[in-house]
Amino acid sequence: MTATPDDCLAHNDWICGAYLGTRREVLLDALLEHLRITSAAVGLALLLAVPLALLARRRRWAAPPVLGVTTVLYTIPSLAMFSLLLPLYGLSEAVVVAGLVLYSLTLLVRNILTGLDGVPADVREAARGLGYGPLRLLLAVELPLAVPAVMAGVRIATVSAVSLATLGAVVGHGGLGNLINTGMNSYFKAQVLTASALCVALAVGADLLLLGVQRLLTPWQRHRAAR
Numbered sequence: 026m027t028a029t030p031d032d033c034l035a036h037n038d039w040i041c042g043a044y045l046g047t048r049r050e051v052l053l054d055a056l057l058e059h060l061r062i063t064s065a066a067v068g069l070a071l072l073l074a075v076p077l078a079l080l081a082r083r084r085r086w087a088a089p090p091v092l093g094v095t096t097v098l099y100t101i102p103s104l105a106m107f108s109l110l111l112p113l114y115g116l117s118e119a120v121v122v123a124g125l126v127l128y129s130l131t132l133l134v135r136n137i138l139t140g141l142d143g144v145p146a147d148v149r150e151a152a153r154g155l156g157y158g159p160l161r162l163l164l165a166v167e168l169p170l171a172v173p174a175v176m177a178g179v180r181i182a183t184v185s186a187v188s189l190a191t192l193g194a195v196v197g198h199g200g201l202g203n204l205i206n207t208g209m210n211s212y213f214k215a216q217v218l219t220a221s222a223l224c225v226a227l228a229v230g231a232d233l234l235l236l237g238v239q240r241l242l243t244p245w246q247r248h249r250a251a252r
């Protein structure tokens with residue numbers, strides 16, 4: 026039986042509407058796994074990065090080891106990182122999440138520390154003069170003013186996590202990376218292009234969403250830009 030002229034699947038075309046129609050559930054499952062891995066990794070990394078950055082700031086002797094260790098972790102190749110984590114997590118989604126958490130720490134810790142250090146000293150002194158204690162000063166003054174730097178780190182970490190999550194295909198949990206990997210192995214053009222395009226769209230969409238969150242959290246910057 027010969028393929029019809031408009032049978033893009035049979036002709037293995039790069040752009041194929043029939044692929045989208047017949048593989049909708051497969052694409053959705055891969056996209057949801059990619060979202061789950063990325064959001065879990067960045068969320069957990071942020072929970073770890075905040076106390077580490079605060080420790081590095083409060084205890085200056087801790088800054089070099091904290092920044093040094095997170096930097097060393099970032100230099101480990103992703104495939105090697107996943108392999109090192111296999112004895113702890115096995116061939117599971119947790120391997121990919123844990124690896125991305127470790128990679129994200131470098132970006133988040135540095136940006137949080139930069140944001141906190143960038144708070145003007147006179148602003149801190151004015152807050153202390155109004156009776157602000159250390160915790161209230163941190164939550165009500167320093168962290169809000171550090172939001173632009175923190176969100177910059179979160180945005181970079183998120184886009185990086187979206188990209189690196191595709192390499193989780195080596196352990197069978199790469200989200201859209203699974204489709205890219207199998208598509209390249211079988212030279213299934215439509216699958217490779219569609220999964221890659223979705224991955225790019227996910228990274229761009231996540232970055233724009235976080236940029237919107239940053240604008241909501243920093244109304245003073247919007248007012249300054251309007252003036």
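Numbering (the working numbering) for the sequence shown: 26 to 252. We put the CB at the ideal spot given by N, CA and C, even for glycine. These numbers come from a predicted model, not from an experiment.
Pairwise C-alpha distance: residue j and residue i
i, j, result
"D38", "A165", "56 Å"
"L110", "G178", "25 Å"
"A43", "D32", "8 Å"
"L98", "A174", "22 Å"
"I205", "C41", "15 Å"
"A78", "P159", "15 Å"
"A231", "R61", "13 Å"
"T243", "R149", "18 Å"
"A65", "V120", "12 Å"
"A152", "P145", "11 Å"
"L163", "F213", "53 Å"
"V225", "P76", "32 Å"
"S117", "G237", "33 Å"
"Y157", "V67", "31 Å"
"Y140", "V122", "In the sequence as displayed, the identity of residue 140 is Gly instead of Tyr. Cα to Cα, the separation comes out at about 26 Å."
"T100", "M106", "10 Å"
Closest residue to residue i among the options (Cα-Cα distance)
i, options, result
"A74", "G143, V94, L170, Q239", "V94"
"S103", "A226, L189, L234", "L189"
"R180", "L141, L130, D142", "L130"
"E167", "L138, L192, T191, N210", "L138"
DSSP three-state assignment for residue i, whether helix, strand or coil
i, result
"R84", "coil"
"Y212", "coil"
"G193", "helix"
"D102", "According to the sequence displayed, residue 102 carries Pro and not Asp. Looking at P102 - three-state DSSP - the assignment turns out to be coil, as it is neither helix nor strand."
"S221", "helix"
"S117", "coil"
Within 8 Å, strictly: CB atoms of residue i and residue j
i, j, result
"G202", "A194", "yes"
"V184", "A220", "no"
"G208", "V217", "yes"
"V126", "L92", "no"
"A182", "L234", "no"
"A70", "A81", "no"
"L192", "G200", "no"
"L113", "L223", "no"
Beta carbon proximity, residue i to chain B, threshold 8 Å
i, result
"V120", "As a matter of chain content, chain B is missing from the structure shown, which is built from one protein chain."
*Counting only runs of 4+ residues fully inside the segment 28-94, write out the alpha helix (DSSP H) ranges in chain order.*
Listed in chain order, they are 42-47, 49-83.
*In chain order, each alpha helix (DSSP H) run of at least 4 residues that lies wholly inside the segment 125-185*: 146-154, 159-162
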